[in-house]
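Below is one structure, written out as C-alpha cells, with a few remarks after it.
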Amino acid sequence: MPSRNNRPPFIGVKAGDLVLVQSTLNPDPTDTDWWMGWIVGNPDQFNEIHGVKMLAVVDTDSGELRHVKAEQTTRLSLAGMEQNKVVPLVRG
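Following the working numbering from start to finish, the sequence shown increments by one per residue and tops out at 98.
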C-alpha cells in the first residue's frame, strides 16, 4: 500500500470538495493555467473513460460545469473553515 504522501492528490475526493484544477500533471511553478472548482456528484457517478477517471467540477468563477481528469485535481483544505459557515453553490 502506498504511503499517504505517495497517493495521487485526487484520492478520496467527494462531492462538495473544493479542488484546484491544473492543466498538466506536473506544471511549472510559474504556470498560471489553473482554476478552482467544487466537485459535484457522488464518487460512484464519476465517469471512467478509457481507464481515466473523470470528475464533474463547477468552476467557482464562471459557474460552468466542466468534466476534468481526476489526476488534474488537488483537494484543497482551508484551515479554519467551519462547515456550518460554508455557503452552498446554488445554480439557478
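Ideal placement from N, C-alpha and C gives every residue a C-beta, glycine not left out.
Keep in mind it's a predicted model, so treat the numbers as computed, not measured.
Spatial neighbours of residue i in its chain, beta-carbon cut-off 6 Å, leaving aside the 5 residues before and after
i	result
isoleucine 17	none
aspartate 67	none
arginine 81	Val19, Asp23 and Val25
Residue i versus the options, residue with shortest Cα-Cα distance
i	options	result
proline 33	Ser83, Thr79, Lys59 and Gly69	Thr79
isoleucine 45	Thr36, Asp37 and Val64	Val64
leucine 24	Gly47, Gly69, Leu31 and Gly43	Gly43
glycine 47	Pro35, Ser83 and Leu71	Leu71
Neighbourhood of residue i by C-beta distance below 8 Å, restricted to the same chain and skipping five residues each side
i	result
tryptophan 40	Leu26, Val27, Gln28, Ser29 and Pro33
Residue span of the beta strand (DSSP E) that contains residue i, given as start and end
i	result
isoleucine 5	An answer regarding residue 5 cannot be provided, because it is not within the stretch 7 to 98 covered by the chain.
alanine 62	58-65
leucine 71	71-75
threonine 80	79-81
DSSP beta-bridge partners of residue i
i	result
glycine 43	Val25 and Asp65
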